[in-house]
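What follows is a short report on a single structure.
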Amino acid sequence: MMGTLPLQIILIGVTGVGKSTLANTIATGLSNVDPDERDRLTQIFAVCNGAESCTTATKREIVKHKSRELSIVDTPGFMDTSGSDTGIMQAFRAFLNNNQNASGVLLVLNATDCRITEVHQAMFRTVGEVFGKEVGRIFGVAFTHMSQNAKEKRKREVKGQSEKSMIASWTSALKSRDILCPANDKWFFLDAEFAHDDKDEVVFAQKERQRLLDWALSNPVVKTEMRLELEQKQQEYLHLARQTGDIKDAMLKLSKDIFARLKELVGVDRRWRRPQGKEYFEFQPNKGGNAIIGILTLGMEVQVDRFRLYFEATDGDGDNADDDLVDHFLTMTTELTLRQIEAIMNRKKVGLRDFRTSSLVKYGAVHRNNILNITLVLCGTGGFEALAKAAATAADSIRATKMGKPKEASWK
1 MMGTLPLQII
11 LIGVTGVGKS
21 TLANTIATGL
31 SNVDPDERDR
41 LTQIFAVCNG
51 AESCTTATKR
61 EIVKHKSREL
71 SIVDTPGFMD
81 TSGSDTGIMQ
91 AFRAFLNNNQ
101 NASGVLLVLN
111 ATDCRITEVH
121 QAMFRTVGEV
131 FGKEVGRIFG
141 VAFTHMSQNA
151 KEKRKREVKG
161 QSEKSMIASW
171 TSALKSRDIL
181 CPANDKWFFL
191 DAEFAHDDKD
201 EVVFAQKERQ
211 RLLDWALSNP
221 VVKTEMRLEL
231 EQKQQEYLHL
241 ARQTGDIKDA
251 MLKLSKDIFA
261 RLKELVGVDR
271 RWRRPQGKEY
281 FEFQPNKGGN
291 AIIGILTLGM
301 EVQVDRFRLY
311 FEATDGDGDN
321 ADDDLVDHFL
331 TMTTELTLRQ
341 IEAIMNRKKV
351 GLRDFRTSSL
361 VKYGAVHRNN
371 ILNITLVLCG
381 TGGFEALAKA
391 AATAADSIRA
401 TKMGKPKEAS
411 WK
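All letters in the sequence shown, in the order written, are residues 1 to 412 by UniProt numbering.
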């Protein structure tokens, strides 16, 4: 069981547009120009002046909203001064695939410079390619650098630059370029440098932040194309097992495909070590010579302090092979590579039917740790056979339901 997927708001945009300042305001509700809070905010999402980018690695902050946890994710800027656009685009795609889902993707724009460039178009395309046709359900736009001071608002209205006119102008421009365009209620105006001593600006900023968080909370969690591909692979091989009756062969073929996808994300020869008394293996990319390996194998510079590898058996299948192997990994082994894990599982005729990733932040007395958890879901032949039968029963039920409905009510 996947359990409740985490809610993530991923901020994207060009360098210097104000993603990090906006991320601070979304996470805390504070203004980035409040002198009493500046030091605190700098420790959450670092902010630079000018065109130079401070965000060279993806960074996240966990916040609570209406009893739910949301992960605010700040990403490196496109047209970054410290790297090529191609490299940043590849890193962004790798990050999205590694996290596998989102409940909000927010394009951040500077309200004082609202030109659509080729970089914007590339960002829209990448988000669409990674999340597929469901991306429209979680895509939004946030304008920064837009004061809500009464005097400034009147100036904009005189110039025909109200919020409604800006949305209409951008909507028209996006549609003319055949680019994904959010609905009107998915455009946000949140000045992350609002005057903390101006009541109008404070009230507007708090209301808009609340609206943005409510939006992310009400959105579906949309899976990336990679996550959907993994789930589709499992269904294909379950179907193959039912057709051929060769459970073990279908299971091991699925396992090979899942391992291949996992290797793309975490590498093959990274050495994972199990801390004494713990039920996971750990890798610290910033320890010794590991940092370069971590950056290269992930395909991006992710700000992660620890990677943790967990093993999970398939429950309720009446097959103990996967349970026994999980016990072996957690009691008899202290160091492993992904290559070794795959070899041991093949020898034991146990398959890898899925893997999941999740991120969390843990705060210590002095430092905070950004942790990426990877859970490998193991399955024996008995478990795979049970899954194949369950999938067949579900398919039969769907067919029976569809056949029992009148023609005009059938699915399209």
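Beta carbons are placed, not taken as given, at the ideal position from N, Cα and C, and that holds for glycine. As the structure is a computational prediction, the values presented were derived from the model and not from experiment.
At least 3 beta-carbon pairs within less than 8 angstroms: the stretch 376 to 385 vs the stretch 344 to 361: yes
Paired residues, beta bridge with Ala313 - DSSP: On the sequence shown, position 313 is the one that residue 313 refers to. When beta bridges are read from the DSSP output, Ala313 appears opposite Leu378.
Identity of the residue in Ala321, Asp322 and Asp198 nearest Lys151 by Cα: The count along the sequence shown starts at 1 and reaches residue 151 at position 151. Comparing Cα positions, the closest option is Asp198.
Buried or exposed (CB count within 10 angstroms, at least 16 for buried), Val158: Your numbering for residue 158 matches position 158 in the sequence shown. When all chains shown are included, Val158 counts as exposed.
Length of the line joining the Cα atoms of Cys181 and Thr112: As a position in the sequence shown, residue 181 is number 181, starting the count at 1. As a position in the sequence shown, residue 112 is number 112, starting the count at 1. Between Cys181 and Thr112, the C-alpha separation is close to 20 angstroms.
Pair within 8 angstroms by beta-carbon distance, Thr171 and Thr21: Against the sequence shown, residue 171 aligns to sequence position 171. Against the sequence shown, residue 21 aligns to sequence position 21. Cβ atoms of Thr171 and Thr21: not closer than 8 angstroms.
CB of Ala142 within 8 angstroms of CB of Ile10, strictly: Against the sequence shown, residue 142 aligns to sequence position 142. Against the sequence shown, residue 10 aligns to sequence position 10. Cβ atoms of Ala142 and Ile10: not closer than 8 angstroms.
Boundaries of the beta strand (DSSP E) in which Thr144 is found, first to last residue: Here residue 144 refers to the residue found at position 144 of the sequence shown. Phe139 to Thr144 is the span of the beta strand (DSSP E), which, as asked, contains Thr144.
Buried or exposed (CB count within 10 angstroms, at least 16 for buried), Thr393: To locate residue 393, count along the sequence shown from 1; it is residue 393. Thr393 comes out exposed.
Assigned exposure category for residue 417 - 16 Cβ within 10 Å defines buried: In the structure as shown, the chain starts at 1 and stops at 412, and residue 417 therefore has no counterpart that could be examined.
Heavy atom of the ligand PLP within 7 angstroms of Asp191 beta-carbon: Ligands displayed in this structure: none; no statement on the ligand PLP is therefore possible.
Beta-carbon gap between Glu193 and Ser67 smaller than 8 angstroms: Position 193 of the sequence shown, counted from the start, is the residue given in the question as residue 193. Position 67 of the sequence shown, counted from the start, is the residue given in the question as residue 67. The answer is no: Cβ separation not under 8 angstroms.
Environment of Gly13 [buried if 16+ CB atoms lie within 10 Å]: Numbered from 1 along the sequence shown, position 13 holds the residue referred to as residue 13. Classification for Gly13: buried.
Cutoff 7 angstroms; reference Gly18; Cβ partners in own chain excluding five residues on either side: Here the question's residue 18 lines up with position 18 in the sequence shown. Excluding residues within five positions, the ones whose Cβ falls inside 7 angstroms are Val108, Asn110, Thr144, His145 and Ala192.
Local Cβ density within 10 Å of Ile292, reported as buried at 16 or more and exposed below that: Indexing the sequence shown from 1 puts residue 292 at position 292. With a pLDDT of only 31 at Ile292, under the threshold of 50, the placement of this residue in the model should not be trusted; the figure read from the coordinates follows. Exposed is the call here.
His65 - containing beta strand (DSSP E), residue span: On the sequence shown, position 65 is the one that residue 65 refers to. Lys59 to His65 is the span of the beta strand (DSSP E), which, as asked, contains His65.
Helix, strand or coil at Phe189 [DSSP, three-state]: Walking along the sequence shown from the start, residue 189 turns up at place 189. Phe189 falls in the strand class under three-state DSSP.
Residue interval of the beta strand (DSSP E) (run including Phe281): In the sequence shown, residue 281 corresponds to position 281, counting from 1. Here the beta strand (DSSP E) through Phe281 covers Phe281 to Phe283.
Segment contact flag, the stretch 213 to 225 with the stretch 59 to 76, C-beta cutoff 8 angstroms, min 3 pairs: Segments in contact, yes.
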